[in-house]
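Residue numbers (this note's numbering): 234 to 389.
Next up, the structure:
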């Protein structure tokens, strides 16, 4: 018979102060990147507004030049969004730098708890809503936190 246990990965991470600091740093970094993109969109809005005001006075060539300039700014914004927030963008890389080492450490501790407790499976109850019920006695989240060196007030 396979023995199993549960952990709440979200609970574990939220009880690690370094994780909270990493999340704060990621949020600040994300806002900084977004501010740069927002400035470009403000410039686009200004160019579009000026273009609309001047449109009747412009020659066809001048209109085309302005439209191309606006399109270039819009493209610049799209490229930056992908570079900053895309699946291999700067924010993803920063997250890998700050959060992944902590997650790897937690996963290693979970594996150690599994080996020590002879568990064939440890299920993360925070991952989705597919676990409808589990016996709290089988929750090893605090065991993992203790293994990582954190003191937990309530022992389960």
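Think of the CB as a built atom: it goes at the ideal place given N, C-alpha and C, for glycine as much as any other residue.
Here DSSP, grouped into helix, strand and coil, assigns residue 295 to helix. Its chain contains 241, 242 and 243 as the residues whose beta carbon lies nearer than 6 angstroms to that of residue 359, once the 5 sequence neighbours on both sides are disregarded; these appear in chain order. The three-state secondary structure of residue 274, taken from DSSP, is helix.
Here residue 366 carries a coil assignment [DSSP, helix/strand/coil]. Rounded to whole angstroms, the gap between the alpha carbons of residue 373 and residue 276 is 53 angstroms. Put simply, of 301, 235, 325 and 307 the residue whose alpha carbon is nearest the alpha carbon of residue 266 is 325.
Looking at the DSSP output, residue 240 shares a beta bridge with 357. Listed in chain order, the non-local C-beta contacts of residue 364 below 6 angstroms within the same chain comprise 358, local neighbours out to five positions each way being set aside. Within a 10 Å sphere around the beta-carbon of residue 343 sit 16 or more other beta-carbons, which makes this residue buried.
In this structure, the CA atom of residue 249 is about 53 angstroms from the CA atom of residue 285. Of the residues 322, 296, 350 and 380, the one whose Cα lies closest to the Cα of residue 235 is 350. With fewer than three CB-CB distances shorter than 8 angstroms, the region 287 to 296 does not count as touching the region 334 to 341.
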